[in-house]
Every structure is written in C-alpha cells, then in structure tokens.
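Novice: Handing you this structure, nothing more for now.
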Amino acid sequence: MPTDLHAWHSLLQHHEAIRETPMREWFAAGDAAQRVEQFSLEAAGLYLDFSKNRITPRTFALLMQLADEAGVPKRRDAMFAGDHINATEDRAVLHIALRAAPGASFKVDGKPVMPAIHDVLARMRVFSERVRGGGWTGATGKRITDVINIGIGGSDLGPRMVCRALSHLAGGGPRMHFVSNVDGTELAETLERLDPEQTLVIVCSKTFTTLETMANANSARQWFLAGGVAEHQLARHFAAVSTNLEAVRAFGIDPANMFEFWDWIGGRFSLWSSVGLSIALAVGFDAFDDLLAGGRAMDEHFGSAPLARNMPVILGMLGIWYRNFFGMPTSCMAPYSTSLELFPAFLQQLEMESNGKSVQLDGRHVRAHTAPVVWGSAGTNGQHAYFQLIHQGSQIVPVDFVAPLRPPRELPGHHAKLLANCFAQAEALMRGRSAEELRATGLSDEIRIAHMVFEGNRPSNTLLMDDVTPHTLGALIALYEHRTFVQGVVWNINSFDQWGVELGKILAKPIEGELTGGQAASASGHDASTGALIARARAALGGA
Ligand code: F6P
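Just so we're aligned: 325 in the UniProt record's numbering is position 325 of the sequence shown, and the numbers increase by one with no gaps anywhere.
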C-alpha cells in the first residue's frame, strides 16, 4: 500500500507543517533565484519551471523518497525490459520500443521485436510517400486529396492531436479528417465535403471490433460504392491499421494495405506505431520520424536521469502531492498554443483511462485517491471562460501551462501577447492580491474589496519549448506518458488495462436490439429508468 510507505507518513506530517504557507513568502526571500534554479530543469528540448508549487526543498526530497520507496526506478526498468507489467492482461508494455534507436534491441517473451517494428515503419514510409507524391491514386487514377482516419480513443486522439499540432508542416500533403463518433453526423458531415475518387480511408483499430469504428467503416464503404467506386476497386481507397489480420481480411481490406501493430502497445500509447500512419500522411514520414526521435530523447532522459532531475518523475510526484496530500480532485492542462489545442483531450484519455482505477495490483482496494479529473483547453480562451474558478473558486486546481516560445504561424505582435498572458496567469495564481494591496490603490468599499481579493497560493508548472516541432511534440507526449506511469507505480495500480469501459459496451448491445428490433424494452429486465428511456427512444425511432 502506498499509504504504508515511510515517505508517505513523513509527507503527511510535513503537509501539516507547510499547508498554509504562502508561496509568495518563498519568492520574497533573498534566495528566490536559487529556488527557481533548484526547481527547474531542461530535458529533450523542454524547459520545466516548477518553482510555483507549494513545495520546499524538504517537500521535494520527501516526494523523491516516496518515488523511490514506491519502486519507480524498478518498475521503469521492468517496463523497459519488456516484462509483463500489464499483469491483468498478461502483456508487456513496450511503446518505447516503437521509437527506439535503430540499433536498439527489445524483446517480448524472448523474441526480438525491432525487426518487425522496422519492417512496418519502412512500409509506412513507402506508402505515405506514394500517397503524398501522387504515386498512389484512387481507382480512377485521380490523386488522393483527402484522408479520413476512422478510429476512436487511442486510435483517434493521439494522431488527431499530432496532426493538429503539426498542421503548419503539412507542405501540400492530403487534407486529414478524423471521424470517431458513432453519431452519424460526424461521418456524414465529413463525407459530404469529399470526392470518393480522391479519398483514402484508414480504418484504425487495435482490435478491429470496436463498434463505432466498424459502423463508420461500413458506412464509408457504402459511400464509396454509391459514389461509383466498384467493390473490386475498394482496395485503392482503404488501408487498415490493426493487430487483427483476420478481422481486417474479413472486412474486405487487402492485407497488403494493412499496417500491423502488436498487443504489447496500449491503445492510448500507440500513436508511435502504425496508428501514426495518418501523421506520416499528413506531414510526411521524415516528420513522423522526428516525432519518434523526440519521444526517444525523453525515454533516454526518463531511463537515466536521477529521480530529482527526472522530468516525468518530478511532474508525476507533484501530481501525487496535490491529489493525495492536498486532496485536489482535478487538474488543468492549459496549452498556450492553438496548435496544441487537442493536447488536453489526448491527456484526458492518457491519464484517466490509465489511472482511473481503484484496485491495486494485488487486488486490494487502493486506500488513496488515484487519477484526478483532467481537463483544460487552449489559452487564452480558457481565461475568458473558466479561469475565474481557478483564481477564486472554492477548490484549488493545479495547472500545467505549456507554451512554445516561437509561434508556428506568426502575425506581428500576437505571440508576445499570448506568452505575456500565459506568464501572467501563473504569476497571478501564485501571488494573488491582498486586501491591503487593494486598499493601497484607494479602494475603501470592504465588500467590494472582499470580492476582489485573490488568495493566490495556487500552484502551476510552466513548460516551455522553443517551437512546436515534431521533436519537441514527441518529447512532450512521452513526458506525459511517463508521468502517468510514475503515478500509477506510486498508486500501485495497473496503468495499462481499461476494464472499466467494458460494462457499458456489454449493456449497449441488447439495448440496441431493443431500440431497433422486435424485443420490447420492458421484457428485458432493465431498471425502470433505463426501460422508460428505451421506450421513449423506440417510439421516436418508429418502433412499437
Ligand atoms: O473503449 C476503450 C478502448 O478500448 C480504448 O482503450 C481504445 O483506445 C479504444 O477503445 C479503441 O480501441 P480499438 O483501437 O481496438 O478500436
């Protein structure tokens, strides 16, 4: 149990001692520059300033001690060694092999995996270069102008986020579209803008059984057929990304157009695999390769830096400090970059599907809280929507600010304004504004002053990169992957399964039958509320 660890107890006591201390006192002290020096670091092209946190050198030392006592280095090494650390699915967890250096050697169950990885990467390069170069055409010989990635969850959020972030590097490649929802509106609205003769669909699904993806893939196939592409010509318009060759074949996609990946890659960690085919198509394979190199640089840092200079460990342990000792239930990701606007959504799946668990590896309940609710959106938009709560709400929300120092697309004067706002938010959250400061400006209405006081002492990290490049983005994604892993180790949970998504899926199947088939809702043993909802929907859909 993490709560039994010596460092956990020490942190509980230490928390009592410093929980009310305002950070601004530490920044007012003579050695504030030293604080920034101690609580900042650079790795893999990213600069992290974590000095605006409610920590002292003692807190930091205890958090690092907790990481050590919880076995972070040991579990990290086990992951890197290909051990079956995903115990409930009896699988290795080796997404790091996907971005490993060419000469690296990784094994799963004693079998080297690098040859297969390189084989798929080489095929991705050939295919993406042919499509981008016009060598791969649709069935009628026309160039592919649009690519739709049909997938959901890990088969959508990662590549969608990366394609959005790197859109400034598209350089004449095909337009990318992502369709995930089984709500037909998303696919219909995408298709109505496209020409079947010039469209390529990637059906991206680890299992190739996911309801949403298969429904969308089948509807896309009908759209091609209705648009004049004959059955035997569909191979020019479909590629598959999956671990399930048989299902790909059964769907009718030519196995020659299938890009494989493996069950030792979790869906939410899979954008580095053939799941990234859409990325290679959107920005070119060389850029995809740079993304892998950025991830690799962070892996090397995570694998070798001492705990107290290890960025994923530091971010992970700060999250534990706020979640478990201050009891903060949510955390906010605020990228000050429109390019990174989908990063919060990606992070939501990464953290909440990985660490939204309440049972330890040994089957006992965790006695501590696990993953917080993760939310956020691009700045400065959030400032004009929900930052009010972050500044003056009744619960404290730790924020991660992420910003590129130079913009992907420049308009004179804009980027300085963006960065100024980012830094000002972090400063305001830390410093706050006291009643005395307000009175000093001449204000005397005490009720008004009470409303205008900012308590401050609200923590944040600031993470900077020079530019949004494939390399820095790769490092950023790998940083948060490893941060998620570190927290899972401390909570002693399995970050790599997702049993919690199963029950809803199982229950949806019979309900669909009741909505569309002959079976009456009341006959199927639902609770009264669900039964009434089904009856109402059945009536609207024209059923009995
Ligand atoms: O339902 C959750 C989930 O299993 C995710 O973990 C996964 O990323 C997503 O569904 C999609 O799964 P697949 O790639 O097999 O279609």
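Where is the CB? At the ideal position from N, CA and C, for every residue including glycine.
1. Expressed to the nearest angstrom, what Euclidean distance is found between the alpha-carbon atoms of H471 and T56?
2. Give me the Cα-Cα distance between F496 and W262, rounded to the nearest whole angstrom.
3. Cα separation between I85 and V93?
4. Which residue from R249, V179 and I265 puts its Cα closest to that of M258?
5. How is the alpha helix (DSSP H) around T185 delimited, first residue to last?
6. Using only alpha-carbon positions, find the residue among R439, R458 and R364 that is nearest to A450.
7. What do you reckon, are the CB atoms on M465 and L46 nearer than 8 Å?
8. If M328 and P398 are in contact, beta carbons under 8 Å, what's the gap, nearest whole angstrom?
9. Using 7 Å as the cut-off, classify the Cβ of R268 as near or not near the heavy atoms of the ligand F6P, replying yes or no.
10. Could you name the residues of the same chain whose beta carbon sits closer than 6 Å to that of D290, not counting the 5 residues immediately before and after it, in chain order?
11. Taking the CB atoms as reference points, tell me whether A188 and V203 lie closer together than 8 Å.
12. Helix, strand or coil, according to DSSP, for N216 in the structure here?
13. Note the first and the last residue of the continuous alpha helix (DSSP H) segment covering D49.
14. Using the Cα positions of H415 and N244, report the straight-line distance between them to the nearest angstrom.
15. Could you give the first and the last residue of the continuous alpha helix (DSSP H) run that contains N421?
16. Evaluate contact between the region 144-162 and the region 273-288, counting only Cβ atoms and requiring at least three cross-stretch pairs below 8 Å.
17. Does the ligand F6P have even one heavy atom less than 7 Å from the beta-carbon of T88?
18. Alpha carbon to alpha carbon, what distance is there between A122 and I534?
19. Measuring alpha carbon to alpha carbon, tell me which residue in L361, R296, W375 and Q349 is nearest T330.
20. Would you tell me roughly how many angstroms separate the C-alpha atoms of A33 and L191, rounded to the nearest one?
21. Rounded to whole angstroms, what's the CA-CA distance from R268 to Y336? Just pull it up for me.
22. Please name the residue in I477, W272, T462 and L157 whose C-alpha comes closest to that of L48.
23. Consider the C-beta atom of E481 and the heavy atoms of the ligand F6P; say whether any pair is separated by less than 7 Å.
24. At which residue ranges does the region 317-357 contain complete alpha helix (DSSP H) runs of 4 or more residues, listed in the order of the chain?
25. In angstroms with no decimal places, state the Cα-to-Cα distance between P174 and I253.
26. Measuring CB atoms only, is the region 349-363 touching the region 494-508, in the sense that at least three cross pairs come out at less than 8 Å?
27. Count the CB pairs spanning the region 99-110 and the region 290-303 that are closer than 8 Å, and state whether there are at least three.
28. Do residue 548 and G488 have their CB atoms nearer than 8 Å?
29. In its own chain, which residues sit with a C-beta less than 6 Å from the C-beta of M79, not counting the 5 before and 5 after it?
30. On the premise that R193 lies in contact with F178, defined as a C-beta separation below 8 Å, what is that separation, rounded to the nearest angstrom?
Specialist: Let me spell this out:
1. Going by the C-alpha atoms only, they are around 33 Å apart.
2. Answer to the nearest angstrom: the Cα atoms are 14 Å apart.
3. 7 Å
4. R249
5. G184 to L191
6. R439
7. yes
8. 6 Å
9. yes
10. P470 and H471
11. no
12. helix
13. Element bounds for D49: not the alpha helix (DSSP H) but the beta strand (DSSP E), L46 to D49.
14. 45 Å
15. Segment H414 to R431, the alpha helix (DSSP H) holding N421.
16. yes
17. Relative to the ligand F6P, the beta carbon of T88 is positioned no closer than 7 Å to any heavy atom.
18. A straight line joining the alpha-carbon of I534 with that of A122 spans about 49 Å.
19. W375
20. 56 Å
21. Distance from the CA atom of R268 to the CA atom of Y336, rounded to whole angstroms, is 23 Å.
22. T462
23. no
24. 343-348
25. 21 Å
26. The region 349-363 vs the region 494-508: in contact.
27. yes
28. Only positions 1 to 544 of the chain appear in this structure, which leaves residue 548 out of reach.
29. I85 and V93
30. The pair is not a contact, with the Cβ atoms about 14 Å apart (cut-off 8 Å).
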